[in-house]
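Chemist:
Protein chains in written order, with this note's numbering: chain V, 62 to 370; chain C, 62 to 370.
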């Protein structure tokens, strides 16, 4: 089966109306909405590295879209469309059916169209998705805008995906396989949050990216971390390891001035939000547990202080 | 070396001025030029399949950009920026230096910025590039606009890349490793050509995509094919095999009414153009040699008639 047939069979559904020309030409065509900036990102999933090779193909399809929509959400933007670059060892119709279904399920949930891409043969299963979205001009939320005094917030719960990776029979495994991009919250934060990032590499590391880009530091309160019951039941060092250094949560971490947080609540966004710390001028990340300074030994965590010189 | 360091070291040059936010945040930001449609595509290169694994990394970098700019050109659009999804078996600084230099050399030649992407570890070297461009609203040239009576044209010479693959010591190998995206010609054809495609899979197959999408057929004159001297010297069947079924030329094939071709010549585009045939209503692709019908046995060529039913 040639590339063209794979695309026709599995990846050629009609686009939503905002797409002028989708799959099937040299390129796709989109008319920009008025007064909007284009937001665009690309993320790759490699079999055996980002997911076990025997992962349900439906989950792989879902996740390949979700992790990219999460990057769009982290800018405060509304996602519109994706391109898929799919490199496959062989043509496995069972796999392709499940994968394409998972991909479209995630697209449909967030009103996103698949508008193009490329299918190639490769010795190793690799998926690169490019996602596009739009945001009001000047309203995108960068990593670099955090200011001393901002509250540090995170959506949902953290550490669930890492727990699911460690205990694959637990219900939290679903959080690893089917992450929820926080698209509604991301858009609600546009013009309100000073800085934002999605939590893909672990909360401590990703918050570190905000602090580095913004030339600030933070006090983080370990006792305020939003944790699922399964994580709450663990010893402190274990729960902190998962919550701070576990990746793949795809929650949003953002900094916001206190009055803007009240404004956000008035916007009736349903996503749970927890205040976990505060931004400070001193360029270091300090941890506290019930107001007491806490030294942490996190595996797989690149210390913020060491990377900033 | 972590992903962040690879990006900082090799892929963090300043963008051209049209980019609002480039490498280093969750997503990149672009402000659309007024009255333009966004044109976007993605193409993947897999080591061992799209290039020999020991190809000069500089050539790999160049080609990974060039093949995508070619897709933008084939819409009649002006390329603006790219995203790179790079999956690498190991961190090889010699390779990364050459690759990034080749990538930026192609970007610089066509005024294109690298604005984002993703670097991951993978057992197999795989590169996916997404390219973005802009075109006046309604002026993009699709595959589907060919009309009976249109002249069929192709830029440059065809079959060179396939010749270079077969005879890697010949100077034409450069055409395989360093394809030239026909960006100037593509833009000159906007609003003039009825249909266009870039020749990546072989002229016969790619012209077939135009004919299928446009519900028309064509007469193609083998004696009019633009060939380099090395190909002209070959027996007919060999030269036709390379020119019609050899891929990787990245020339533009387009159909255009005769008066518009005169108009194109008045636009002083320097790229050589050759008329090789004419579009007809009957939905089949027929070959002629000095006015005589010619049966062809092309290896690796999916017959147009068989794929259209």
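Don't be surprised by glycine CBs; every beta carbon is placed ideally from N, CA and C. Just so you know, these numbers come straight off a predicted model, no measurement behind them.
Strictly below 7 angstroms CB to CB, what residues from chain V border residue 332/C?
Modeler: Going along chain V, no residue has its Cβ under 7 angstroms from residue 332/C, so there is no contact; the nearest lies around 17 angstroms.
Chemist: So, is the C-beta of residue 121/V closer than 9 angstroms to a C-beta in chain C?
Modeler: no
Chemist: If you measure from the beta carbon of residue 274/C to each beta carbon in chain V, is any gap under 9 angstroms?
Modeler: yes
Chemist: So, using beta-carbon positions, are residue 125/V and residue 243/V closer together than 9 angstroms?
Modeler: Taking 9 angstroms as the Cβ cut-off, residue 125/V and residue 243/V do not qualify as a contacting pair.
Chemist: Taking 9 angstroms as the cut-off, decide whether the C-beta atoms of residue 104/V and residue 128/V are in contact.
Modeler: yes
Chemist: Counting C-beta neighbours from all protein chains within 10 Å, is the total for residue 228/C 16 or more, i.e. buried, or is it exposed?
Modeler: exposed
Chemist: What in chain C is Cβ-close to residue 135/V, meaning under 8 angstroms?
Modeler: 87 and 88
Chemist: Have a look at residue 273/V and residue 191/C and give me their C-alpha separation to the nearest angstrom.
Modeler: 28 angstroms
Chemist: With a Cβ-Cβ cutoff of 9 angstroms, do residue 222/V and residue 153/V count as a contact?
Modeler: no
Chemist: What number of angstroms, rounded off, separates the C-alpha of residue 294/V from the C-alpha of residue 302/V?
Modeler: 14 angstroms
Chemist: Using only the alpha-carbon positions, how far apart do residue 134/V and residue 143/V sit?
Modeler: 14 angstroms
Chemist: Identify each residue in the region 163 to 181 of chain C for which the Cβ-Cβ distance to at least one residue of chain V is less than 9 angstroms, and report them in chain order.
Modeler: 176, 177, 178, 179, 180 and 181
Chemist: Any idea which residues DSSP pairs residue 195/V with across the strands?
Modeler: 99/V and 139/V
Chemist: With 9 angstroms set as the bound, which would you pick, yes or no: does the beta-carbon of residue 218/V sit closer than that to a beta-carbon of chain C?
Modeler: no
Chemist: Run through DSSP, which three-state label would residue 214/V get?
Modeler: strand
Chemist: Please classify residue 98/V: is it buried, with 16 or more other beta-carbons within 10 angstroms of its beta-carbon, or exposed?
Modeler: buried
Chemist: Which parts of the region 307 to 367 of chain C are runs of the beta strand (DSSP E), unbroken and 3 residues or longer, counting only runs that do not cross its ends?
Modeler: Here the runs fully enclosed are 313 to 317, 334 to 341 and 346 to 350.
Chemist: Could you tell me which uninterrupted alpha helix (DSSP H) segments, each at least 4 residues in length, are contained entirely in the region 130 to 175 of chain C, listed from first to last along the chain?
Modeler: 154 to 170
Chemist: Are there 16 or more other CB atoms within 10 angstroms of the CB of residue 319/C, so buried, or fewer, so exposed?
Modeler: exposed
Chemist: Between which two residues does the alpha helix (DSSP H) harbouring residue 275/V extend?
Modeler: 264 to 275
Chemist: I'd like the list of long-range same chain contacts for residue 331/C, defined as Cβ closer than 8 angstroms, with 5 residues on each side in sequence excluded.
Modeler: Result list for residue 331/C: 245, in chain order.
Chemist: Kindly indicate if chain C contains any beta-carbon less than 9 angstroms away from that of residue 204/V.
Modeler: Answer yes: the Cβ-Cβ gap between residue 204/V and chain C drops below 9 angstroms somewhere.
Chemist: Report yes or no: do the region 171 to 187 of chain V and the region 249 to 258 of chain V share at least 3 C-beta pairs separated by less than 8 angstroms?
Modeler: The region 171 to 187 of chain V, when compared against the region 249 to 258 of chain V, does not touch it at the 8 angstroms Cβ threshold.
Chemist: Determine, for residue 132/C, whether the minimum Cβ-Cβ distance to residues of chain V falls below 9 angstroms.
Modeler: Yes, because at least one Cβ of chain V sits closer than 9 angstroms to the Cβ of residue 132/C.
Chemist: By alpha-carbon positions, which one of 170/V, 346/V and 356/V ends up nearest to residue 77/V?
Modeler: 170/V
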